[in-house]
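For reference, the structure is listed below as structure tokens.
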Amino acid sequence: MDLRDRIGLHGSYFLGMAGIGFTLPYLPAYLGQEGLSDRAIGILSMLAAVAGLAQFPVGLWSDRLGRRKPFLVASLVVVAASTWFLRDAHGLVWIGITVLFFAENGIGRSIVESLAGAEAAAVAPEGKVGEALGSLRSWKPIGIVLMTLFGGWMAENAGGIKSILLPLFAVQCLAVVASLLIRERKGVESSKPLGRVGTVDEPGKRRISRDLGLWTFAVAMVLYHAANAPGGVYLGLYLQRDLHAPARMLSYAFAVSMVAWMIVVRPAGRLADRWGRKPLLVLGWTVMTIRLALVAMIGSPWLIVANQALDGLGNGLFAVLAAAWVTDRLADPRRSGEAQVIVGSCLVLGSAIGPAVAGFVVEAVGYRGLFWGLAGVGLVATAIVVVFVPETLKTHREVLEGGTVDPMPLTSDLSTTP
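Counting in my numbering, the sequence shown runs from 37 upward without gaps.
Listed below in structure tokens is the structure:
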């Protein structure tokens with residue numbers, strides 16, 4: 037990838053994802069100011085996550101056409117437009133429609149997340165898919181933190197939360213401009229499939245419905261986010277209502293998580309290319325589970341803020357390793373879009389299911405009981421990864437070298453020696 041393409045891809049991803057720095061800390065408060073109830077905000081968040089499943093057919097379509105730039109540009113235009121219309125949207129229906137395209141896991145950003153990752157994986161040098169994904173994903177927390185800090189300053193000095201939307205619109209427009217710099221070339225991806233792992237009908241076409249290993253990993257990914265997503269939603273309420281923490285603790289907890297994500301994501305990609313995917317996958321799932329259990333046990337707000345470093349570590353590992361594993365599993369660079377939307381669809385599905393169920397559970401067992409339950413879900417997900425999810429790096433290297441690949445067994449294999 038030359039400098040122009042790197043600026044286009046990484047720049048558009050950085051600027052597009054920076055908007056999450058508004059959606060995470062400020063969007064619920066803004067919707068509340070517009071008269072939406074807590075229940076309506078929760079339902080709207082769930083609907084936005086479900087709408088994010090639109091990335092799946094878009095990813096398949098981009099693979100079929102062999103082009104991702106048009107979809108990436110169009111999605112960024114949608115994000116920018118939704119930012120503009122949110123400023124003047126009123127009423128549940130119009131605000132709801134806008135949020136479906138604007139939200140963190142909504143239609144616009146979910147497509148950007150998946151197709152940017154697909155493009156990075158497709159043009160990555162041989163044996164460096166993890167490093168390429170780590171390099172791209174490292175820009176996400178940087179943009180989020182910068183936008184959050186800027187948004188906090190704007191909210192305090194320029195007229196409240198709504199004042200953030202106009203400069204955010206400008207940032208999203210710059211993302212569109214950056215995406216136009218990307219040049220799609222014929223021949224960047226292999227003209228023939230790299231190989232086959234699993235059941236196929238013809239070379240280069242894996243029948244996903246028969247790939248038990250892939251489905252098992254998909255279950256583990258959905259459970260990961262079903263456990264992790266409510267932890268983000270209810271952590272602030274737990275800090276404020278049960279532990280009586282000051283409001284500034286919420287921004288501290290968010291910042292600690294994002295900093296940890298920034299630190300881990302690049303080395304995670306390099307180590308995954310060297311050591312294998314599975315050891316770091318197991319580490320990511322384990323860290324997520326431990327973090328939730330510690331929240332349930334800790335009684336100090338400051339210790340919970342420090343514990344958020346584990347949240348950033350787990351999410352950073354997931355962002356790189358899950359995408360690299362599925363890319364390896366499909367074993368065809370022409371299907372990198374499909375690989376990324378599988379991961380993204382599991383993310384939004386888990387992010388929709390988890391908070392929806394947790395909303396009922398927390399009323400019965402309280403915040404501590406909820407976090408213990410989420411840790412239990414995380415433990416089940418970790419066990420699935422340990423026992424049933426195989427290593428894929430060795431297979432990926434054999435395919436690149438032109439060797440014959442036997443179907444991967446649905447067993448645990450920690451060996452990463454090529």
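Cβ atoms here follow ideal geometry from the backbone N, Cα and C, with glycine treated the same way.
For the pair residue 136 and residue 384, the CB atoms are not nearer than the 8 Å cut-off. Here residue 126 has 70 as same chain residues with Cβ atoms under 8 Å from its own Cβ, once five neighbours each way along the sequence are excluded. Relative to residue 219, the option among 39, 65 and 412 whose CA is nearest is 39.
Counting only residues of its own chain and dropping the five nearest sequence neighbours on each side, residue 350 has a CB closer than 6 Å to the CB of 320, 323 and 324. In the DSSP annotation of this structure, the continuous segment of the alpha helix (DSSP H) that includes residue 59 starts and ends at 56-59.
CA-to-CA, the gap between residue 183 and residue 60 works out to about 11 Å. For the options 210, 178 and 364, the alpha carbon positioned closest to that of residue 157 is the one of 364. In the displayed model, residue 335 falls within coil according to three-state DSSP, outside both helix and strand. Note that the C-beta distance between residue 102 and residue 151 is not below 8 Å. Cα atoms of residue 141 and residue 335: separation of roughly 31 Å, rounded to the nearest angstrom. In chain order, 388, 391 and 392 place their CB closer than 7 Å to the CB of residue 82, counting only its own chain and leaving out the 5 sequence neighbours on each side. DSSP places residue 368 in the coil class of the three-state scheme, outside both helix and strand.
Excluding its 5 nearest sequence neighbours in each direction, residue 203 has C-beta neighbours in its own chain below 8 Å: 186 and 190, listed in chain order. Between residue 112 and residue 148, the C-beta gap is smaller than 8 Å, which places the two residues in contact. Burial check for residue 297: the Cβ neighbour count within 10 Å reaches 16 or more, so the residue is buried. Between residue 375 and residue 154, the C-beta spacing is below 8 Å.
In this structure, the beta-carbon distance from residue 76 to residue 128 falls below 8 Å. Taking C-alpha positions only, residue 295 is separated from residue 348 by approximately 7 Å.
The three-state reading of DSSP puts residue 141 in coil, since its state is none of H, G, I, E or B. Taking the C-beta atoms as reference points, residue 344 is found nearer than 8 Å to residue 293.
Counting only unbroken stretches of 3 or more residues, no beta strand (DSSP E) element lies wholly within the region 84-110. For the pair residue 207 and residue 109, the Cα-to-Cα distance works out to about 14 Å. Separation of residue 378 and residue 98 (C-alpha to C-alpha, rounded to the nearest whole angstrom) is 14 Å. Looking at the backbone, the Cα of residue 65 and that of residue 214 are separated by about 30 Å. In the three-state reduction of the DSSP assignment, residue 216 falls in the coil class.
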